[in-house]
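Here you go:
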């Protein structure tokens, strides 16, 4: 096969297995030329002329340098490079392997298991293999170029799993992405679904607050209304497809407050945050809160829920905003712990 | 007695070739056995160790079956063994498969064993020849060498079984013999392909013979198609000399890598199980898609036509 085909094959393989770092791709492409040193007519053979003359006097073409043994020898001899940079060493070995493995698809095959003289070929029928200077090699080259491009672009958009999720818009996949990137970036979810109660179709962008379960996200719309989106029953929006968009990078800050029969209005102001993206989670036990009425909504997510008891009321906060909490629970004496998360857009 | 000059060059290592030339320089040759070999010029023999062993086996009154792929040098080996035994003064007959009668007549002639019917003036019959030769062999020491033994008619093979049970030493050279009767009973030697160096030498001398100048690079390129087979080594040079296009290689030293390829691709289906274990639905889905793709590739690879046992497209 032509040298360029070897190089493209190595680039495709390196990009698939080792990532798309250009340095690695170039290393792989260069290493793929090395096995052809066994012929003085090839470019590497011309560069290392004494070596190529010595080899071709004794061995048939594609025998000793096109083998697993040679690959192992290269791996061993270049192992000092591994001490400096493991990825470059891996790219070299992988590139060398691709350099000769591509020749398995030619009519004469390669002596892959040298010192066994038998020649490895794929497929067995010689009419389906490439002969030298065959036109079909251009077709193979084109396919390899496509594979290389696809692989590099997938790597650039975050890897195969992320690209797969984004393409299909699977809700659980979107939750995975949100879990992975939520603390570093401001994320928006482009949701395609319907409202659970009214069955109205919904196609809109929402800002993601945080993932709730493996299948559900907590989001808010432009007006600040909070919804639970996903595929489970208690969701206000049932989603068919969710695609995640990255906005600006953020910095997250988490603080924990302990209350011991204190008024919330006293404690909260001590933990100011300059961002309007502050979410409070936690459970509080309130005393003397018989008059407390916690509003519930059927069309959106209740960030504050309550359980009235005989002497105490238990209040649960899930990503509640500071303003809400202050408005509702200001004068009550509470015991419990709260976690305050704030996101600051950079 | 004719003067037989023999030039023999034996080098230190076993794989080095032996050149045997024999010339008759005037005079009458009274030895009938050497008559057919008096102008014998053998090609270079690379299988020296095997030749020594065959001669030793025959001299020990034992029989041998030598098996090798077509073109691997069985006939050459047989010729050299015959020459050496004849030189040492032994009686022997070397035949190729033809009709039973022709074959037996040839043996009889070489052994100088006249069947009784011929003596009486009648035309010899197959049965008569068989019996006559068998009788002769039971009274005299002689060796039988059969080249292309896989083509021997069954009549001859049964006769050979009879000879073998009465202790007649014989050498059979065969390509792909069936696994029954005489082939099964004889001790077997299997011939390995020649080494790269030896093939290169054969190619080089072939090129010199044809007056063709080939560089090392060109020889290395052509040698890919030889597979350790000396006949192919010569044929490939001749094809180059005649300017023929590259044809599908005819040697038998192949390893089919398609199962390895499929096995390697199937490893990707492990992603599905990883997805199950890591509780990642997207990995599970991705693994499922990969499994289907690998299944498609497998179906396609299994549907391609197999290599034909016949030559050509």
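Protein chains in written order, with my numbering: chain S, 1 to 346; chain E, 347 to 659. Glycine residues also receive a C-beta, built at the ideal position from the N, C-alpha and C atoms. Given the structure is predicted, the values throughout are model-derived calculations rather than measurements.
**Request:** For residue 113 (chain S), return the contacting residues in chain E, with the cut-off set at a CB-CB distance below 9 Å.
**Result:** 601
**Asked** Going straight from the alpha carbon of residue 439 (chain E) to that of residue 119 (chain S), what length do you get?
**Response** 40 Å
**Prompt:** What residue range is occupied by the uninterrupted beta strand (DSSP E) comprising residue 188 (chain S)?
**Reply:** 185–195
**Request:** Would you list the one or two residues that DSSP bridges to residue 516 (chain E)?
**Result:** According to DSSP, residue 516 (chain E) shares a beta bridge with E:490.
**Item:** Contacts of residue 53 (chain S) in chain E (Cβ-Cβ under 8 Å)
**Value:** 562
**Message:** Tell me whether the region 125–141 of chain S and the region 39–52 of chain S touch, counting them as touching only if at least three CB pairs, one residue from each stretch, are closer than 8 Å.
**Reply:** no
**Request:** Would you mind telling me which residues of chain E sit closer than 8 Å to residue 131 (chain S), beta carbon to beta carbon, in chain order?
**Result:** 592
**Prompt:** If you drop the 5 nearest sequence neighbours on each side, which residues of the same chain put their C-beta closer than 6 Å to that of residue 548 (chain E)?
**Reply:** 576, 579
**Request:** Measure from the alpha carbon of residue 257 (chain S) to the alpha carbon of each residue in S:241, S:242, S:335, S:290, then state which is nearest.
**Result:** With distances taken between Cα atoms, residue 257 (chain S) lies closest to S:335.
**Request:** Only counting runs of 3 or more residues, tell me where the beta strand (DSSP E) segments fall wholly within the region 5–89 of chain S, in order along the chain.
**Result:** Taken in chain order, no unbroken stretch of beta strand (DSSP E) lies wholly in the region 5–89 of chain S with a span of 3 residues or more.
**Prompt:** Whose C-alpha, out of E:607, E:558, E:620, is nearest the C-alpha of residue 588 (chain E)?
**Reply:** E:558
**Request:** Taking the CB atoms as reference points, tell me whether residue 289 (chain S) and residue 238 (chain S) lie closer together than 8 Å.
**Result:** no
**Request:** Just grab the DSSP bridge partners of residue 228 (chain S) for me.
**Result:** S:218
**Request:** Mind checking which residues open and close the alpha helix (DSSP H) that includes residue 119 (chain S)?
**Result:** Per DSSP, residue 119 (chain S) belongs to no alpha helix (DSSP H); it is in the beta strand (DSSP E), 119–121.
**Request:** Please classify residue 571 (chain E): is it buried, with 16 or more other beta-carbons within 10 angstroms of its beta-carbon, or exposed?
**Result:** buried
**Request:** Go ahead and label residue 622 (chain E) buried or exposed: buried means 16 or more other beta carbons lie within 10 angstroms of its beta carbon, across all protein chains shown.
**Result:** Counting Cβ neighbours within 10 Å, residue 622 (chain E) comes out exposed, since fewer than 16 surround it.
**Request:** Taking only the alpha-carbon atoms, compute the straight-line gap between residue 417 (chain E) and residue 545 (chain E) and give it to the nearest angstrom.
**Result:** 12 Å
**Request:** Take residue 114 (chain S) as the anchor and find which of S:130, S:12, S:69 has the nearest alpha-carbon.
**Result:** S:69
**Request:** Please report the Cβ distance between residue 137 (chain S) and residue 14 (chain S), rounded to the nearest whole angstrom; I am assuming they are in contact, meaning their Cβ atoms lie under 8 Å.
**Result:** Going by Cβ atoms, the distance from residue 137 (chain S) to residue 14 (chain S) rounds to 21 Å, so no, they are not a contact pair.
**Request:** Determine whether the Cβ of residue 626 (chain E) lies closer than 8 Å to any Cβ atom of chain S.
**Result:** yes
**Residue(s) in a DSSP beta bridge with residue 206 (chain S)** = S:189
**Asked** Along the chain, where does the alpha helix (DSSP H) that runs through residue 135 (chain S) open and close?
**Response** No alpha helix (DSSP H) holds residue 135 (chain S); DSSP gives it neither H nor E.
**Message:** Quick check on residue 176 (chain S): does DSSP put it in helix, strand or coil?
**Reply:** helix
**Distance between residue 225 (chain S) and residue 300 (chain S) (C-alpha atoms, nearest Å)** = 7 Å
**Message:** Which residues in chain S have a C-beta closer than 7 Å to the C-beta of residue 652 (chain E)? List them in chain order.
**Reply:** 124, 125
**Asked** For the region 156–167 of chain S, which residues have a CB atom closer than 9 Å to at least one CB atom of chain E, in sequence order?
**Response** 160, 161, 162, 164, 165
**Request:** Give the DSSP bridge partners of residue 637 (chain E), in chain order.
**Result:** Answer by DSSP bridge pairing: none, since residue 637 (chain E) is not bridged.
**Asked** Under the rule that 16 or more other beta-carbon atoms within 10 Å means buried, what is residue 208 (chain S), buried or exposed?
**Response** Residue 208 (chain S) is buried by the Cβ-count criterion.
**Asked** Taking Cβ positions only, does residue 279 (chain S) come closer than 8 Å to chain E?
**Response** no
**Request:** Spell out a yes or no on whether the region 419–435 of chain E and the region 475–487 of chain E are touching, meaning 3 or more CB-CB pairs, one atom from each, closer than 8 Å.
**Result:** With a cut-off of 8 Å, the region 475–487 of chain E and the region 419–435 of chain E do not count as touching, because too few Cβ pairs lie within range.
**Message:** Assuming the contact rule is C-beta atoms closer than 8 Å, residue 411 (chain E) and residue 529 (chain E) should be a hit. Round their C-beta distance to whole Å, please.
**Reply:** 6 Å
**Request:** Buried or exposed for residue 84 (chain S), please, with buried defined as at least 16 other CB atoms from any protein chain shown within 10 angstroms of its CB.
**Result:** exposed
**Request:** Could you check the C-alpha separation between residue 54 (chain S) and residue 597 (chain E) for me, to the nearest Å?
**Result:** 26 Å
**Request:** Use the C-beta contact count for residue 171 (chain S): other C-beta atoms within 10 angstroms, 16 or more gives buried, fewer gives exposed.
**Result:** buried
**Request:** Tell me the start and end of each unbroken alpha helix (DSSP H) in the region 503–577 of chain E that is at least 4 residues and wholly inside, in chain order.
**Result:** 527–531, 542–556, 562–569
**Prompt:** If we cut at 8 Å on Cβ distances, does residue 95 (chain S) have a partner in chain E?
**Reply:** no
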